[in-house]
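Going by numbering that gives the first Met the number 0, the first residue of the sequence shown is number 0, and it counts up by one from there. Okay, structure first, notes after.
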Amino acid sequence: MPSTRPRILYVTDLAYQARGRRYCDEDIHLTARLREDFDVALCHPLDALALMDAFDAVVVRNSGPVLAYQEAYEAFRAHALRTGARVYNPLTGRADMSGKRYLVDLTTAGFPVIPTVDSAADLHRLPEAERYVVKPRLGADSIGLRIVPGDGLSGLVDGTVLVQPHIDFAYEVSFYFVDHDFRYALYAPRPDRRWQLEPYEPTVEDLEFARRFVDWNGIEHGIQRVDACRAPGGELLLVELEDLNPYLSLDALPEDRRDAFVAAFKTSLRRLLAG
0 MPSTRPRILY VTDLAYQARG RRYCDEDIHL TARLREDFDV ALCHPLDALA
50 LMDAFDAVVV RNSGPVLAYQ EAYEAFRAHA LRTGARVYNP LTGRADMSGK
100 RYLVDLTTAG FPVIPTVDSA ADLHRLPEAE RYVVKPRLGA DSIGLRIVPG
150 DGLSGLVDGT VLVQPHIDFA YEVSFYFVDH DFRYALYAPR PDRRWQLEPY
200 EPTVEDLEFA RRFVDWNGIE HGIQRVDACR APGGELLLVE LEDLNPYLSL
250 DALPEDRRDA FVAAFKTSLR RLLAG
């Protein structure tokens, strides 16, 4: 008899090489757990458009930077929006899903974010710094990121990049949400070892900071990672809000926290399918 369980197309690039992380291990673990409740098939992002109509929902996970397959992603996105396909995360995200221009918008709106501009005319709005970070508006995974001296910005700000002051932060910390519920936090005690993560117990103020960005983004169903840094003054500043395919670093969690996350993930998927 045909299965009556929901059919999930799980989009991942198992061969993607990331510095300090093995994306494939995370997706092997997650799909094994999802199979307890759903019928699951894995595919590369280049194959998603051809396969998606045969499934009840498409889950985009560790699919790698969209820059590597931009045309295919745009075709997938257009088809999903045209057909009303259930995509997880939903394609309504306002953050990294749409490029990094949102960092400029959040700066202008007064959010606690690393100050960011994208035009030479606005460079005066940045605080003075010995070094600046220049990164592509459509970048991901530090691709194309440069650190330049204060007098080295001339000719670089051409509308395709963002500019931020380089901040000597104490550490980076990430807050992970499923739908609008906080699930766990991880941090890198050593700034030079970004992906050597340990569990982090957030304060009430930390969670208020992170929730502000999740609420701003307005995604009803999905996984979001709020990346922040602890600035020299002690405050948290947003580094990025990953709402397309955030790596989850589940291997850094104790088993009970990992199981709780998977249970929340399954519940969120059921809500999406019931909607």
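No residue lacks a Cβ here, since even glycine has one placed at the ideal position from N, Cα and C.
Counting along the chain, the unbroken beta strand (DSSP E) around residue 241 starts and ends at 235-241. Beta-bridge annotation (DSSP): residue 133 is paired with 145 and 162. At a Cβ-Cβ threshold of 8 Å, residue 162 and residue 133 count as neighbours.
Taking a contact to require three or more Cβ pairs closer than 8 Å, the region 86-106 and the region 246-261 do not qualify as touching. Straight through space, the alpha carbons of residue 39 and residue 30 are spaced by roughly 7 Å.
Partner residues in the beta bridge of residue 176, as assigned by DSSP, are 181 and 223.
In this structure, residue 185 keeps its C-beta atom at 8 Å or more from the C-beta atom of residue 208. Going by C-alpha positions, residue 122 is about 42 Å away from residue 267. By the C-beta criterion, the region 46-57 is judged not to be in contact with the region 241-251, since fewer than 3 inter-stretch pairs fall below 8 Å. For residue 255, the enclosing alpha helix (DSSP H) stretches over residues 254-273. Boundaries cannot be given for residue 55, as no beta strand (DSSP E) includes it and DSSP labels it neither H nor E.
A contact is defined here as three or more CB-CB pairs under 8 Å, and the region 188-203 fails this definition with respect to the region 150-157. In the three-state reduction of the DSSP assignment, residue 156 falls in the coil class. By the neighbour-count definition (other C-beta atoms within 10 Å, threshold 16), residue 60 is a buried residue. Secondary structure at residue 48: helix, using DSSP grouped into helix, strand and coil. By the Cβ-count criterion, residue 80 is exposed, with fewer than 16 other Cβ atoms from all chains shown falling within 10 Å of its own Cβ.
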